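In the UniProt record's numbering, the protein residues as written are 1 to 353.
Here it is in structure tokens:
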């Protein structure tokens, strides 16, 4: 097998890490590629699920004795503590690798320090290779751990004129089946799905993740969260079924914000304490507006159907904008056609001041 560069190995490690999206939380996604002393790939691994072997351990097991004198290329700084598994820094030292290349340092006090341990053992450590790509692939976990509340994705579906339903309230289905299946794939990458009680009363959603091939329920289901300040969620609502865990978050339990509704920062802090690192905000338009007005949305994913209604509820209500100068500016990062619909992904720009 031909040798590969460290840069190529890191690109492969980032691809491997992505395979763990949706199954590793509250842990990060991590990929690792091991090169022997001649630069040939002798081991690959990724963190597949919380409590399972870390990426470095999987790659070391594949490499065996050929790891000695080689290079470990890993997307996140090897952990330096014993949790459900042992420290990866020690495993790399024991394997006698000569060099460890790291894309992103670990921001958590409990796990950080792996680079220092490796250097103390005489191993060369290099940081920052393809750091931006590795950050993007692990953005939800990194963001959540750095600031103490989950990464928030607002997902909405609308017509080209921004309507989420017709004038008579009907909304099934604005977008195509292909777009709806794409939403299930998106749900599968997060730890929780959030809706307001108004959406539950109007649409009675299940908010589960279904298998994209046969429509069956996926094995792993995100926590379903209903923001319900006064506890109005019906006892027979589908969101209360046994298909997934559900939390009815009331103001009495979480705390009330200035408007008397559920305090949204407190809600996110409580979710973080439950191990939630990424959430999908699915509805409705008032709740989305409240999250945006509070600056709590990290990414916007909009599914736009090639339809016009001319009347009916808007996809977004009261986001704290009263004049064009206060508009929430977005940076579009991706536009993809999903069936007949467009999926637009964008990041809110930070406001000055």
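Glycine residues also receive a C-beta, built at the ideal position from the N, C-alpha and C atoms. Being a predicted model, the structure only gives us computed values, none of them experimental.
- DSSP, read as helix, strand or coil, puts residue 149 in coil.
- Contact between residue 32 and residue 91 does not hold, since the beta-carbon distance rounds to 11 Å and is not under 8 Å.
- Under the criterion of beta carbons closer than 8 Å, residue 251 and residue 285 do not qualify as touching, at roughly 20 Å.
- In the structure shown, residue 286 adopts helical secondary structure according to DSSP, grouped into three states.
- Bridge partners of residue 334 according to DSSP: 345.
- A check of alpha carbon separations from residue 120 across 200, 96, 109 identifies 96 as the nearest.
- Between residue 76 and residue 28, the gap from beta carbon to beta carbon is short of 7 Å.
- Cα atoms of residue 202 and residue 320: separation of roughly 24 Å, rounded to the nearest angstrom.
- Here residue 254 has 262, 263, 266, 267, 270 as same chain residues with Cβ atoms under 8 Å from its own Cβ, once five neighbours each way along the sequence are excluded.
- Boundaries for residue 189: no beta strand (DSSP E) harbours it, and the DSSP string shows neither H nor E there.
- Contact annotation: residue 191 and residue 277 have beta-carbon atoms nearer than 7 Å.
- A straight line joining the alpha-carbon of residue 8 with that of residue 66 spans about 19 Å.
- In terms of Cβ geometry, residue 108 and residue 89 do not form a close pair [threshold 7 Å].
- The Cβ-Cβ distance between residue 222 and residue 193 falls below 7 Å.
- Straight across, the Cα-Cα distance linking residue 236 with residue 243 is about 14 Å.
- For residue 82, there is no enclosing beta strand (DSSP E), since its DSSP letter is neither H nor E.
- The Cβ atoms of residue 341 and residue 159 do not sit closer than 7 Å to each other.
- Separation of residue 85 and residue 74 (C-alpha to C-alpha, rounded to the nearest whole angstrom) is 17 Å.
- Restricting attention to 12, 4, 206, the CA atom closest to the CA of residue 137 is found in 12.
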